[in-house]
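Sequence lines, in order, name chains A and B. Position in the first sequence (from 1) plus 14 gives the number in the numbering used here. Position in the second sequence (from 1) plus 218 gives the number in the numbering used here. A short worksheet on the structure shown next.
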Amino acid sequence: MNQEFQTGIHPDADQLSVFVEGAATSREQERMLLHLAECAECRKAVFLMQPQEETQPAGRTPVKGWIWGRLLPVGLPAAALACGLVAVLVHIWPRDGALRNPQQVASLRKPEVLPKTTVAPSADSEMDQRSGTPRSFAPATNRSRQENLSLPKSLNLPESSGQAAAKVAAPETTRANLSANVPVAHAGGSAGGVIGGISSELPLNGRNFSNLQQLSTPEPAKAAASQYSLAKEKDLGGLMIEQASGHDKTLAEVSGHITDRSGAIVAGAAVMLRDASGTTRETTTGVDGSFHLTELPAGRYELTATASGFKTSKQSIELNPSQLAMLQPVLEPGAASEQVTVETASAAVQVETESANVGQVIAGQVVAEMPNVGRAVGVPSGLPVTASVSHGKRFISLDNAGNLFLSRSGGKKWKKINPQWTGKAVRIELTPAHSSEAPPKPNETSGKASEAAVFLLTTDAGTVWTSKDGAHWHQQ
Amino acid sequence: MDIPPANITQTEPLGAEDRTTSVAKGIAVEMELGPEGRLLPEMLGEELWRAASAEMVELSKAEFAEALETIGTKDNFGLDPGKQANERQREIFWRALHLEELAMARGCALGRESAWRRFLAQYREQLTRAAVEMTGSAALGEELASALYSELFGLTEREGKRWSPLLRYSGRGSLMGWLRAILAQRRVNQYRKTGRETELGEIEPAARVSERIELKQLEDLRVAIKMTLSAASAEERFVLSAYYLDQHTLHEISRVLRVHEATVSRKLKRATEHLRKELLRTLRAGGLSRRAAEEALGTDPRDVDINLRKLLQESNGDPNSNKERQE
Numbered sequence: 015m016n017q018e019f020q021t022g023i024h025p026d027a028d029q030l031s032v033f034v035e036g037a038a039t040s041r042e043q044e045r046m047l048l049h050l051a052e053c054a055e056c057r058k059a060v061f062l063m064q065p066q067e068e069t070q071p072a073g074r075t076p077v078k079g080w081i082w083g084r085l086l087p088v089g090l091p092a093a094a095l096a097c098g099l100v101a102v103l104v105h106i107w108p109r110d111g112a113l114r115n116p117q118q119v120a121s122l123r124k125p126e127v128l129p130k131t132t133v134a135p136s137a138d139s140e141m142d143q144r145s146g147t148p149r150s151f152a153p154a155t156n157r158s159r160q161e162n163l164s165l166p167k168s169l170n171l172p173e174s175s176g177q178a179a180a181k182v183a184a185p186e187t188t189r190a191n192l193s194a195n196v197p198v199a200h201a202g203g204s205a206g207g208v209i210g211g212i213s214s215e216l217p218l219n220g221r222n223f224s225n226l227q228q229l230s231t232p233e234p235a236k237a238a239a240s241q242y243s244l245a246k247e248k249d250l251g252g253l254m255i256e257q258a259s260g261h262d263k264t265l266a267e268v269s270g271h272i273t274d275r276s277g278a279i280v281a282g283a284a285v286m287l288r289d290a291s292g293t294t295r296e297t298t299t300g301v302d303g304s305f306h307l308t309e310l311p312a313g314r315y316e317l318t319a320t321a322s323g324f325k326t327s328k329q330s331i332e333l334n335p336s337q338l339a340m341l342q343p344v345l346e347p348g349a350a351s352e353q354v355t356v357e358t359a360s361a362a363v364q365v366e367t368e369s370a371n372v373g374q375v376i377a378g379q380v381v382a383e384m385p386n387v388g389r390a391v392g393v394p395s396g397l398p399v400t401a402s403v404s405h406g407k408r409f410i411s412l413d414n415a416g417n418l419f420l421s422r423s424g425g426k427k428w429k430k431i432n433p434q435w436t437g438k439a440v441r442i443e444l445t446p447a448h449s450s451e452a453p454p455k456p457n458e459t460s461g462k463a464s465e466a467a468v469f470l471l472t473t474d475a476g477t478v479w480t481s482k483d484g485a486h487w488h489q490q
Numbered sequence: 219m220d221i222p223p224a225n226i227t228q229t230e231p232l233g234a235e236d237r238t239t240s241v242a243k244g245i246a247v248e249m250e251l252g253p254e255g256r257l258l259p260e261m262l263g264e265e266l267w268r269a270a271s272a273e274m275v276e277l278s279k280a281e282f283a284e285a286l287e288t289i290g291t292k293d294n295f296g297l298d299p300g301k302q303a304n305e306r307q308r309e310i311f312w313r314a315l316h317l318e319e320l321a322m323a324r325g326c327a328l329g330r331e332s333a334w335r336r337f338l339a340q341y342r343e344q345l346t347r348a349a350v351e352m353t354g355s356a357a358l359g360e361e362l363a364s365a366l367y368s369e370l371f372g373l374t375e376r377e378g379k380r381w382s383p384l385l386r387y388s389g390r391g392s393l394m395g396w397l398r399a400i401l402a403q404r405r406v407n408q409y410r411k412t413g414r415e416t417e418l419g420e421i422e423p424a425a426r427v428s429e430r431i432e433l434k435q436l437e438d439l440r441v442a443i444k445m446t447l448s449a450a451s452a453e454e455r456f457v458l459s460a461y462y463l464d465q466h467t468l469h470e471i472s473r474v475l476r477v478h479e480a481t482v483s484r485k486l487k488r489a490t491e492h493l494r495k496e497l498l499r500t501l502r503a504g505g506l507s508r509r510a511a512e513e514a515l516g517t518d519p520r521d522v523d524i525n526l527r528k529l530l531q532e533s534n535g536d537p538n539s540n541k542e543r544q545e
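Encoded structure:
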């Protein structure tokens, strides 16, 4: 019987399977259908061949439900995780360019009360020279807070091999003199020690040696070049993350060394790394001031460095799998206070030392009404604000791309100021009007205030522009 | 009941000539070579042999090349009969085969140990599961599967030689699909032995057509159905048969045809309407008024369905009658 079925006029199993799997040629398909239309047995066989769903259609719905039921506990957290990831990405992405360490720019407006000390040079510049495309990340979360505290720490994060070089370079490089309104023209430090043969007349703070190479030949006032240099500078973050080879690909490492502002190593400093869930990893720096933490799951961490006699340094870092983050926290002496609180008869007065011209800082303004100078105010560009000055309700903020924003509403609404100057604005200050009279009362109307105070803008080309109202600028 | 075969019955039995020759080839694989020597270039043969991991199933290059050539000539490399496949077409055909599964099947058919080990490891469980699925019972399914196993293992003998149906597997479809097909055929054979009568009897509900229409008209209707069907496409005929005779759902049919359910529905509707119109025409030509003809076929769609089924069934007659006649 079987034989007859097989060898008779019916299609054999091979033809049936070819038909059912859709591998038949059109001619074969046609012949098969013709046969099936007539042959109840082969039809039956063909329908029998269909997998489970065909023979037990009733089983479908419960199976489906069961699958969903089982997937739900896994699927929901997974979906939530994915959403979170997207949110983090969205958060980081637009700022990516901007995140490249606001501290470097922030240091531009360090109060001059601070002694001119050497700061660990941007070893990342070397790195930039050597490795074509450094990947740098800067903390996104604590940025504003850091700015608010105006912890003028300079983060220099060389790639691992550059670490030693960075140390060597440290004492040789002096920080730029920031009090100068003409930074470019102002000779900074000697970078020659690091990059060999480039004796630059340019300020070195945060600058990129590779760009200095460019700048060393053209005249300092070459605006375009310096703009480029500054732009590049932003790319070199306080945090340099590079691919660590030969490690577990899912884990990351952090290493670096801690110095104080003079570039001296800080041994025995406690370094604590706290992840989002609060788990901490701790270590202390060795005699050479270096620390190293390995086998860290990727994620966002907060790095805290503490040493007696210094202020606690905090920064948040984002670790990607199989990356080695090189950090170089710079500890500030604990004594140097960022804020001076003066007790007056009426109220606590806070003096913002954020402005570069410390001597001219408006003194005696009431804290409550003091506009939030240095506060990370959201500007339309979405970039981190590197400097902010205010007068009355008139705020001027400078983001780290050099865009200037003006708000007449106390920070609620911002308007971009179209640059009338060439080059990039690097510093914004507020000085009292030419007379050294007492500054206007903060609750005065902005119109009055603008008469009494002058906004000072310095571009990277070294020109100084002034404005009374923030909108109209004149070169000095 | 016994109607002289109209066009529909003249359909050529599927690949009858191919089948006999291929069976012959299946039995005597070793002897089968292309008429003008080797069809398979040595380079390609070796490449395919490697791709099939034929060495793992103790299949020599020559054996595998033979298998490929046999299959190629049997199906004329996927071309219409009469056409001569060129080298490129042959290569395309061979490359599209499930080479690894083909090598395994050949190895098994030739009784190679390692081939069997692989086969068992890979398909035993699936095969049993499929059999259980088809029979709807664990006991029946296991019985079916083990019967097939012994057959595949070559316990049956043909012309004094151990013979395994695996020799017939061409590699054009998947091996699992082929196994399912064999299982389904075995299962249908079981039906035929046991339950066919009752199954046909199930489709006996109110056959109003027969009641209302005179005998002569019924004859006319049968002829009309055959005429209409013969003009219809193969696919339409398949859909009509599967739907009205086997009472498969649209979903089931759509899976077999690998089209969307809605497409099947559309096809079925069109075929049904066409059929109904033709039948009405025939009835009226036979002397019935339009109304009487419509009444005879039924106005309720369900009636139409039932009546069509009945008519189709009757006009199709015994599904095996054609075959038997031709044998």
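Each residue gets a CB set at the ideal place from its N, CA and C atoms; glycine is no exception. The structure presented is a predicted model; accordingly, all values stated were derived computationally and were not measured.
Exercise for the section: Have a look at the DSSP bridge pairing and note the partners of A:N405. Expected result: Reading the first sequence from its first residue, position 391 is the one you call residue 405 of chain A. The amino acid occupying residue 405 of chain A in the given sequence is His; Asn does not appear at that position. DSSP lists A:R408 as partners of A:H405.
Problem - N- and C-terminal bounds of the alpha helix (DSSP H) containing A:S40 - result: Reading the first sequence from its first residue, position 26 is the one you call residue 40 of chain A. Where A:S40 is concerned, the enclosing alpha helix (DSSP H) stretches over 40-52.
Practice task
For my contact list, A:T294 and A:F305 are in at a C-beta cut-off of 8 Å; report their separation, rounded to the angstrom.
Solution key: One-based indexing of the first sequence puts residue 294 of chain A at position 280. One-based indexing of the first sequence puts residue 305 of chain A at position 291. The C-beta separation of A:T294 from A:F305 comes to about 14 Å, leaving the pair out of contact by the 8 Å criterion.
Exercise for the section: Check the C-beta distance from A:R41 over to A:L50 and give it rounded, since I have them as a contact under 8 Å. Expected result: Stepping through the first sequence from its first residue, residue 41 of chain A is reached at position 27. Stepping through the first sequence from its first residue, residue 50 of chain A is reached at position 36. About 15 Å separates the two Cβ atoms, so there is no contact after all.
Practice task
Report yes or no: is there a C-beta of chain A within less than 7 Å of the C-beta of B:I443?
Solution key: Indexing the second sequence from 1 puts residue 443 of chain B at position 225. Not an interface residue.
Problem - Run of the beta strand (DSSP E) containing B:Y341, from where it starts to where it stops - result: In the second sequence, counting from the first residue as 1, residue 341 of chain B sits at position 123. B:Y341: not part of any beta strand (DSSP E); member of the alpha helix (DSSP H) spanning 331-353, first to last residue.
Practice task
Using a Cβ cut-off of 7 Å (strictly closer), state whether B:S548 contacts chain A.
Solution key: What the structure shows of chain B is the stretch from 219 to 545, and residue 548 of chain B is not part of that stretch, so it cannot be assessed.
Practice task
Return the residue from the list B:P383, B:E361, B:E377, B:G354 that minimises the CA-CA distance to B:E178.
Solution key: Residue coverage of chain B in this structure runs from 219 to 545, which leaves residue 178 of chain B outside it and unanswerable.
Problem - Close-in-space but distant-in-sequence residues of the same chain around B:W334 (CB under 7 Å, 5 per side omitted) - result: Residue numbering aside, residue 334 of chain B sits at position 116 when the second sequence is read from its first letter. Within the same chain, C326 come within 7 Å of B:W334 by CB-CB distance, once the 5 residues on both sides are set aside.
Exercise for the section: Give the C-beta separation of A:P311 and A:L265 to the nearest angstrom, bearing in mind that I take them to be a contact with Cβ-Cβ under 8 Å. Expected result: Sequence index remark: in the first sequence, residue 311 of chain A carries index 297 (1-based). Sequence index remark: in the first sequence, residue 265 of chain A carries index 251 (1-based). With a beta-carbon spacing of about 6 Å, A:P311 and A:L265 fall inside the 8 Å limit used to define contacts.
Exercise for the section: Would you verify that the beta carbon of A:V102 is, or is not, closer than 7 Å to some beta carbon of chain B? Expected result: By one-based count along the first sequence, residue 102 of chain A stands at place 88. No - not a single Cβ of chain B is within 7 Å of the one on A:V102.
Exercise for the section: Go ahead and label A:N495 buried or exposed: buried means 16 or more other beta carbons lie within 10 angstroms of its beta carbon, across all protein chains shown. Expected result: This structure cannot speak to residue 495 of chain A, because chain A is shown only from 15 to 490.
Handout entry: A:D26 classed as buried or exposed, judged by whether at least 16 other C-beta atoms fall within 10 angstroms
Key = Along the first sequence, one-based indexing puts residue 26 of chain A at 12. Buried.
Exercise for the section: Can you tell me the Cβ-Cβ gap for B:V406 and A:L62, rounded? I've got them flagged as a contact below 8 Å. Expected result: Here residue 406 of chain B refers to the residue found at position 188 of the second sequence. Here residue 62 of chain A refers to the residue found at position 48 of the first sequence. Contact annotation, B:V406 with A:L62: C-beta distance approximately 7 Å; criterion of less than 8 Å satisfied.
Practice task
Starting from A:Q29, follow the alpha helix (DSSP H) in both directions and report where the run begins and ends.
Solution key: As a first step, residue 29 of chain A must be located in the first sequence, where it is residue number 15. A:Q29 -> alpha helix (DSSP H) spans 27-34.
Problem - Exposure label - B:T500; buried when at least 16 CB within 10 Å - result: Translated into the one-based positions of the second sequence, residue 500 of chain B becomes position 282. When all chains shown are included, B:T500 counts as buried.
Exercise for the section: With distances taken Cα to Cα, identify the nearest neighbour of B:Y461 among B:R404, B:L530, B:A356, B:F282. Expected result: As a first step, residue 461 of chain B must be located in the second sequence, where it is residue number 243. It is B:L530.
Handout entry: Short CB-CB distance (under 7 Å) between B:I310 and chain A
Key = Taking the first residue of the second sequence as 1, we reach residue 310 of chain B at position 92. False, the Cβ-Cβ gap to chain A never drops below 7 Å.
Practice task
Go ahead and pull the three-state DSSP assignment for A:A266.
Solution key: Within the first sequence, the letter at position 252 stands for residue 266 of chain A. DSSP places A:A266 within a strand segment (E or B) once states are collapsed to three.
Problem - Cβ-based neighbour list, A:A452, same chain, cut-off 6 Å, excluding 5 preceding and 5 following - result: Walking along the first sequence from the start, residue 452 of chain A turns up at place 438. Since pLDDT at A:A452 reaches only 43, below the 50 mark, its modelled position is unreliable, and the value read off the structure follows with that caveat. Excluding sequence neighbours, A:A452 sits near nothing in its chain.
Handout entry: Through-space distance from B:E319 to B:S271, alpha-carbon basis
Key = As a position in the second sequence, residue 271 of chain B is number 53, starting the count at 1. As a position in the second sequence, residue 319 of chain B is number 101, starting the count at 1. Going from the Cα of B:S271 to the Cα of B:E319 covers about 9 Å.
Problem - Nearest candidate by alpha-carbon position, reference B:E281, set B:K444, B:R330, B:F295, B:Q408 - result: For the purposes of this step, residue 281 of chain B is taken as the residue at position 63 of the second sequence. Of the candidates B:K444, B:R330, B:F295, B:Q408, the residue whose Cα lies closest to the Cα of B:E281 is B:R330.
Practice task
Could you tell me whether any Cβ in chain A is nearer than 7 Å to the Cβ of B:H466?
Solution key: Within the second sequence, numbered from 1, the residue matching residue 466 of chain B stands at position 248. Yes, B:H466 counts as interfacial toward chain A.
Handout entry: Within-7 Å CB hit, A:S31 to chain B
Key = For the purposes of this step, residue 31 of chain A is taken as residue 17 along the first sequence, with counting starting at 1. Closer than 7 Å: yes.
Handout entry: Contact with chain A by B:R405, beta-carbon distance below 7 Å
Key = Locating residue 405 of chain B in the second sequence gives position 187, counting from the first residue. Interface flag for B:R405 against chain A is set, since a Cβ pair is found closer than 7 Å.
Handout entry: A:G476 classed as buried or exposed, judged by whether at least 16 other C-beta atoms fall within 10 angstroms
Key = Walking along the first sequence from the start, residue 476 of chain A turns up at place 462. Buried is the call here.
Exercise for the section: Could you tell me whether the segment 392-411 of chain B touches the segment 337-352 of chain B, using the rule of 3 or more Cβ pairs below 8 Å? Expected result: With the cut-off at 8 Å, the segment 392-411 of chain B and the segment 337-352 of chain B touch.
Handout entry: B:W334 at chain A interface by Cβ criterion, 7 Å
Key = Here residue 334 of chain B corresponds to residue number 116 of the second sequence, with the count starting at 1. False, the Cβ-Cβ gap to chain A never drops below 7 Å.
Practice task
Flag A:D28 as yes if its beta-carbon sits less than 7 Å from any beta-carbon of chain B, otherwise no.
Solution key: If you number the first sequence from 1, residue 28 of chain A lands on position 14. True, the Cβ-Cβ gap to chain B drops below 7 Å.
Handout entry: B:R484 versus B:E453: straight-line alpha-carbon distance, rounded
Key = The sequence position of residue 484 of chain B within the second sequence is 266, counting from 1. The sequence position of residue 453 of chain B within the second sequence is 235, counting from 1. So the two alpha carbons sit approximately 12 Å from each other.
Practice task
Spell out the partners DSSP gives A:L341 in its beta bridges.
Solution key: In the first sequence, the residue the question calls residue 341 of chain A occupies position 327. Answer by DSSP bridge pairing, in chain order: A:G270.
Exercise for the section: Given a cut-off of 7 Å, decide if B:V457 and B:L486 are closer than it, judged by their beta-carbon atoms. Expected result: Residue mapping note: residue 486 of chain B aligns to position 268 of the second sequence, counting from 1. Residue mapping note: residue 457 of chain B aligns to position 239 of the second sequence, counting from 1. Yes, the Cβ-Cβ distance between B:L486 and B:V457 is below 7 Å.
Practice task
Mind the definition here: the segment 280-290 of chain A touches the segment 314-333 of chain A only if three or more C-beta pairs lie below 8 Å; say whether that holds.
Solution key: Counting Cβ pairs under 8 Å, three or more are found: they touch.
Practice task
Identify whether A:L471 lies in helix, strand or coil by the three-state DSSP scheme.
Solution key: Position 457 of the first sequence, counted from the start, is the residue given in the question as residue 471 of chain A. When DSSP states are grouped into helix, strand and coil, A:L471 belongs to the strand group.
Problem - 3-residue-minimum beta strand (DSSP E) runs that sit fully inside the segment 277-324 of chain A, ordered along the chain - result: Along the length of the segment 277-324 of chain A, whole beta strand (DSSP E) runs at least 3 residues long occupy 284-289, 294-298, 304-311, 313-320, reported in chain order.
Handout entry: Buried/exposed call for B:R386, threshold 16 Cβ in 10 Å
Key = Within the second sequence, the letter at position 168 stands for residue 386 of chain B. Burial state of B:R386 is buried, judged by a 10 Å Cβ sphere holding 16 or more other Cβ atoms.
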